[in-house]
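Right, one structure below, let's go through it.
There are 4 protein chains.
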Amino acid sequence: MSIRKRKINPEDDLGFGPQPVIKNQPLVNKNGTPNVKRIGLPFFNTANNYHTLITMSWRRFWVLVLSAYLIVNILFAFIYVSIGTGSLDGSSATTGLHHFMDAFFFSAQTISTVGYGHISPRGMMSNSVAAIESMLGLLAFALATGLLYGRFSRPSAQIIYSKNILVAPYPETGKGIMFRLANLRRNILIDLEIEIIFSFNETVEGKTIRRFYPLELERRKVSLLTMNWTIVHPLDDNSPLKEMTKEDLENSEAGFAVLLKAFDDTFLQTIHSRTWYQYKDIVWGAKFKPVFNRDEEGRIVLDLSKISDHEVLGG
Amino acid sequence: MSIRKRKINPEDDLGFGPQPVIKNQPLVNKNGTPNVKRIGLPFFNTANNYHTLITMSWRRFWVLVLSAYLIVNILFAFIYVSIGTGSLDGSSATTGLHHFMDAFFFSAQTISTVGYGHISPRGMMSNSVAAIESMLGLLAFALATGLLYGRFSRPSAQIIYSKNILVAPYPETGKGIMFRLANLRRNILIDLEIEIIFSFNETVEGKTIRRFYPLELERRKVSLLTMNWTIVHPLDDNSPLKEMTKEDLENSEAGFAVLLKAFDDTFLQTIHSRTWYQYKDIVWGAKFKPVFNRDEEGRIVLDLSKISDHEVLGG
Amino acid sequence: MSIRKRKINPEDDLGFGPQPVIKNQPLVNKNGTPNVKRIGLPFFNTANNYHTLITMSWRRFWVLVLSAYLIVNILFAFIYVSIGTGSLDGSSATTGLHHFMDAFFFSAQTISTVGYGHISPRGMMSNSVAAIESMLGLLAFALATGLLYGRFSRPSAQIIYSKNILVAPYPETGKGIMFRLANLRRNILIDLEIEIIFSFNETVEGKTIRRFYPLELERRKVSLLTMNWTIVHPLDDNSPLKEMTKEDLENSEAGFAVLLKAFDDTFLQTIHSRTWYQYKDIVWGAKFKPVFNRDEEGRIVLDLSKISDHEVLGG
Amino acid sequence: MSIRKRKINPEDDLGFGPQPVIKNQPLVNKNGTPNVKRIGLPFFNTANNYHTLITMSWRRFWVLVLSAYLIVNILFAFIYVSIGTGSLDGSSATTGLHHFMDAFFFSAQTISTVGYGHISPRGMMSNSVAAIESMLGLLAFALATGLLYGRFSRPSAQIIYSKNILVAPYPETGKGIMFRLANLRRNILIDLEIEIIFSFNETVEGKTIRRFYPLELERRKVSLLTMNWTIVHPLDDNSPLKEMTKEDLENSEAGFAVLLKAFDDTFLQTIHSRTWYQYKDIVWGAKFKPVFNRDEEGRIVLDLSKISDHEVLGG
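Same order as they appear, the protein sequences are chains B, D, U and L. Take 1 as the starting number for the first sequence in this note's numbering and just add one per residue. Take 1 as the starting number for the second sequence in this note's numbering and just add one per residue. Take 1 as the starting number for the third sequence in this note's numbering and just add one per residue. Take 1 as the starting number for the fourth sequence in this note's numbering and just add one per residue.
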């Protein structure tokens, strides 16, 4: 395996350090999160509460909100029941269960501030509990609705990458390594910058270390992501990949980290997107099919469903 | 047509690539969005929900909110009716329609958490439905109000550009290409930077490609956009436009992309504004009329309605 | 008047252009807004609504909110009254005024979603109006509360500048022009950068134009604004102010624009602050008094009330 | 004490100026705030209200919210009572205290917009007060809930630093000064940059001044903070620490300011973290223990509880 000599810059390692990769583990997951497990966090770690609630799945979020609503109402129902039979005006309950249900629904009406009033608190105790419950209800719902809206409006990149990375014909150097991306959102992305880090295991003096090479690109920047963008690394003499074979890549647990930065011109925020191509994602000798055509007025029509389409070249 | 030789920098193409423009299509619309149609998005694409709801017209937004309110109440009305006649206390309905209307208005009072209470839920079933409805109502209204406020407060540039781009007299080079802009908002804009990309079709060895030239400007930056700003590209020997005629520009589907970047000092965000001048927007041999004068205390008075005013020069 | 020769850089003019200042008008107001009057805005200009509502005085904001609440309730009261006598259940009104007041308070209870229920809508029409009113009430209050919170939480620099700019003794050059600033907020400001533009009228070949010189500073950056910061322009041979007298400054309508940029480490936003010293604000031959001392533990104690304190030097 | 000659750059002083440190006072507290006391603020300084409410402890925040709720309800209860006995419909109060309690709970039901309606306002006066109370209640709760959510969602760095700074073996220079950090949050941090300023008292010509040296680092940047990051200052010939002893550091009140900057890729904001190592925090001749290992699939497992673990080296 013939890697060209090149001074190692420790700042290229993306923060992973020189440990070799074993057993086909990507360093970065497809969705851009680092493939690292974290333990040893403080047992009661509030630092991640907000992050957890914002990033959990919608399913889990709804289960959590509904459970909290149920549990809190059950709790307050017990309090109202424990105050005594006369605590709720308008309740015609005769059995214990019936009494509890009345207290439960009264609690729900209080916490959501609906307050129909056909059941209403009577006496000092239940009035005080209801006053506190309605106040906490307002604050709790504010948190829930804030989280709901925060989840809904969270700005995040929605970049689709072509499923494969191709070794394709390229005019000046004969061959190039390339993949494509496009914006799945209607948000306008501007001032895009991309970086590709090629990473692989190398055995130097009997010790296996992980190495990182930023790849030269035909083009690192785009002003506007109007269509798709094909990122090309020309396989010229400076490329560390020039003489690598399929087997070399597999044996060295090779992979490509893709780091994209852009400015979202709709929500005025800098966004970042990352992905990872493992050696298995490379298609040798193929080229991408066109992803756009023209409508009758001459306007460009971009078909996002074709972003991964390619054809394997014969010969 | 004599375009000066110049090394093509692929990063100047704004992300549009080398496809020629056909049939008088601007690359960027006047409002700054790219003139590209996008198809092939996943059928159930949630990535754009928020963007759609924030950027749709106010008319459509209100229709949507009112429809949703109506439909949800009709739905819940059916549920209350289906539970049975005795489900709503206080309803004196005798006919089916009357019953439905009572259920509908009860639902509206529940979902908005008004809860007058002259109609109230009776029994396990309708109480449970009402408890869930009031909770969902709070969350749904939180989304609606979040969107309403988000739409209202969304920071965005409101730059007005002069309607035309002029070929006007300019001291040092004889002529210059110029246009004007001003801030329509009272927000203070600082640290403005502008870029003009001249773009046209060129036929090289029988193949028509699109070319992009960033134009040299008299001044690229302004610290404060206090008044209007006249952007000037001097027509000197380095200009690719130096010897182009009106016909050259028309035949080559020429246009000018304007890219403006600024910091909004009221809302502390970087904003971007884009526009496009098509070859048809050029006025040959004209100059802008003054856009400001002094009041009696010597203070500058800027008249934004005159931003496009110019006079065609005789001779 | 002997101004040293220096190539004019049009980008130093802050965006004000070469018009001379007349009749003692500062270019920038003390609070940092440009001293320019803007007219000719479209009659129905929605672009500034949010900005106006966020930046208006608290007094005007509360008057607006209360008026809107009053007017909307009067409007809906008229609608309920016009529906007819039986439209409101629980109203025992016999006179027209009494009827109107009942309708008015019912409207207030509906729009704020309190909904006591002692008065409740009766019949199709008033029920429908109430359903719509409660929905619009929720949305309107969302806007009002959003604005209230937006006003309250708006990040903005609160820099206090010394009232005067001093011509004070300075070690290496004999004299220096200096002023002080400090942070009035408890927010931590980091990475501060400052720029001072000296601006004055100059008559060149009979034509008076405004000139702008960025002044050299002893120090342009501070990592943390922990205490006060004294900004010094040394009066050395490169200074355009070196040989200017009090009369020169007055005759040339001289002034100093101060541009400060910092990162607010509490709210994670870049903030900007501007101010202006007119020639009248200069104190010749004075020096600042110390603004901090030590407590018994050796800790620095900064006294913000002394930021402008200086003593005029004898001789 | 032999400090190498080096031109002093006043911009290295972090904004603390040349005053010497006395009596073992760190310049920056462990939590990153400057160790400076501020007095002389205007008595009624609204600039810090929001900052105070957002950054106060949760305990104080809840006490404040509950007290405000209690006080406002007591206030409105007095108003309702003062209007007269008949002001509240549904109140069967016969004693003054009972009357007051009814008014108090009615107020709570109004301000939280629950509005059961078993007690309701009667007459012009109490209806008007209730209408205003419900409106103010909505606005006040909006502020409270805004603050609650603002506190909960406030983006802030949660970096843990190793408790000590070690003088440890380092390949090329024999020894290095090092410490470790990791991200306590699950938020992904990218584009990290670090700076270490070494600061100490120095007596020059009989006058003690504070000096500041930015230290050279093995590595100043990391693309992704995936694991821990060990920051190393090699003790080579250029280091001002090269020949300093434990006593030198103590006598000169030495300390290290750590300034970290990163981009939070979950909430799309630039965050900053600062800490301070006092001379007492240095451990001479020790090295850090590993902080991660591999799970059975070869994935890296980071144990955050080991971030400060080190072993003192014998000999």
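Note that beta-carbon positions come from the ideal geometry of N, C-alpha and C, so glycine has one too.
About 4 Å separates the CB atoms of residue 21/U and residue 253/U; that is less than 8 Å, so the two are in contact.
Contacts between residue 17/L and chain D, judged by CB atoms closer than 9 Å, are missing: the closest CB pair is about 29 Å apart. Residues of the stretch 70-98 of chain D with a C-beta atom less than 7 Å from some C-beta of chain B are 89, listed in chain order. At least one CB of chain U lies nearer than 8 Å to the CB of residue 116/D. At a beta-carbon threshold of 9 Å, none of the residues of chain B lie near residue 158/D; the nearest stands roughly 14 Å away. Residue 23/U and residue 168/U have their alpha carbons spaced roughly 28 Å apart. Between residue 270/B and residue 280/B, the CB-CB gap reaches or exceeds 8 Å. By the C-beta density criterion, residue 115/U is buried, having at least 16 other C-beta atoms within 10 angstroms. In the same chain as residue 18/L, and ignoring 5 residues on each side of it, the C-beta atoms closer than 6 Å to its own belong to 209 and 210, in chain order.
For residue 232/B, the enclosing beta strand (DSSP E) covers residues 229-234.
Minimum Cα-Cα distance from residue 150/D among the listed residues 51/D, 255/D, 256/D and 314/D corresponds to 51/D. Those residues of the stretch 11-37 of chain U placed with their C-beta closer than 9 Å to a C-beta in chain D are 11, 12, 13, 14, 15, 16, 17, 19, 21, 22, 23, 24, 25, 27, 28, 32, 33, 34, 35, 36 and 37, ordered along the chain. Assigned with DSSP and collapsed to three states, residue 237/D falls in coil, not helix or strand. Any Cβ of chain B closer than 8 Å to the Cβ of residue 206/D would place that residue at the interface, and such an atom is absent. It is roughly 19 Å from the alpha-carbon of residue 172/L to the alpha-carbon of residue 229/L.
Counting only unbroken stretches of 3 or more residues, the beta strand (DSSP E) elements lying wholly within the stretch 30-93 of chain U are 36-39, in sequence order. Residue 236/L is outside the set of residues whose beta carbon lies under 8 Å from a beta carbon in chain B. Scanning chain D for C-beta atoms nearer than 9 Å to the C-beta of residue 194/B yields nothing, as the closest lies near 12 Å away. At least one CB of chain U lies nearer than 8 Å to the CB of residue 142/L.
Pairing residue 127/L with residue 81/D, the inter-Cα distance amounts to about 35 Å.
Residue 139/L sits away from residue 159/L, with the two beta carbons spaced by 8 Å or more. Under the three-state reduction of DSSP output, residue 116/L falls in the coil class, being neither helix nor strand. Within the same chain, and ignoring the five residues on either side of residue 312/U in sequence, the residues whose Cβ sits closer than 8 Å to its Cβ are 283, 285 and 286.
For residue 108/L, the uninterrupted alpha helix (DSSP H) run begins and ends at 96-111, by DSSP.
Taking 8 Å as the cut-off, the beta carbon of residue 234/U is found no closer than this to the beta carbon of residue 250/U. The criterion of a C-beta distance shorter than 8 Å is not satisfied by residue 74/B and residue 105/B. In this chain, the beta strand (DSSP E) harbouring residue 260/B covers 255-264.
Residue 178/L is outside the set of residues whose beta carbon lies under 8 Å from a beta carbon in chain U.
Taking the Cα positions, residue 100/U is about 20 Å away from residue 117/L. DSSP places residue 151/L outside any beta strand (DSSP E); the residue lies instead in the alpha helix (DSSP H), whose first and last residues are 123-153. DSSP lists 174/U as the bridge partner or partners of residue 170/U. At the C-beta level, residue 301/U and residue 295/U come within 8 Å of one another.
Taking all protein chains shown into account, residue 291/B has 16 or more neighbouring C-beta atoms within 10 Å of its C-beta and is therefore buried. The C-beta distance from residue 122/B to residue 87/B rounds to 6 Å, short enough to fall under 8 Å.
With its beta carbon at least 8 Å from every one in chain D, residue 231/U lies outside the interface. Residue 201/U is bridged by DSSP to 210/U.
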